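Notes follow the structure.
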Amino acid sequence: MFASVLPEWKVSKKDKEFFYRALKAARKDAGLTQADVAKKLKRSRSHISKIELGQRRLFMDEFLILYRLYGKPTIYFYSAFIKSDLVEQID
């Protein structure tokens with residue numbers, strides 16, 4: 031029922047790359063290594079690396095921990111998906 035109401039939408043490769051670059055930059059800005067983050071999430075360093083490379087799905091509960099850990103607002107990460115002149119200038 032709802033599927034027919036929702037528009038088809040796909041995240042572009044460029045938008046995904048922006049998101050994952052922002053995720054990695056936020057970690058570095060927070061002064062954390064992949065190993066530090068892995069310990070907080072109780073995952074392997076490889077798991078974190080694959081998330082940052084876009085090779086592993088990032089689950090919502092992991093994202094909530096990461097954005098709080100990195101001290102960035104959610105818009106910092108999701109600005110890739112907002113079509114506005116301001117985001118275009120920042121990007």
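Heads up: the sequence shown begins at 31 in this note's numbering, then just goes up one per residue. Glycine included, C-beta positions come from ideal geometry on N, C-alpha and C. Just so it is clear, the structure is predicted and the values come from calculations on it, not from any experiment.
Helix, strand or coil for residue i? Go by DSSP, reduced to three states.
i	result
Leu94	helix
Ile112	coil
Leu88	coil
Look at the alpha carbon of residue i and the alpha carbon of residue j, and state the distance between them as a whole number of angstroms.
i	j	result
Lys54	Asp91	17 Å
Ala68	Val41	26 Å
Leu96	Gln85	17 Å
Ala60	Gly101	7 Å
Arg87	Ala56	18 Å
Leu62	Lys70	11 Å
How would you call residue i, buried or exposed, if buried means at least 16 neighbouring beta carbons within 10 angstroms?
i	result
Phe89	exposed
Ala110	buried
Arg98	exposed
Ile78	buried
Ser105	The sequence shown places Ile at residue 105, rather than the Ser named in the question. Ile105 is exposed by the Cβ-count criterion.
Grab the span of the alpha helix (DSSP H) containing residue i for me, first residue to last.
i	result
Phe56	Per the sequence shown, the amino acid found at residue 56 is Ala instead of Phe. It spans 43 to 59 - the alpha helix (DSSP H) in which Ala56 sits, taken as one unbroken run.
Arg75	75 to 82
Gln64	64 to 71
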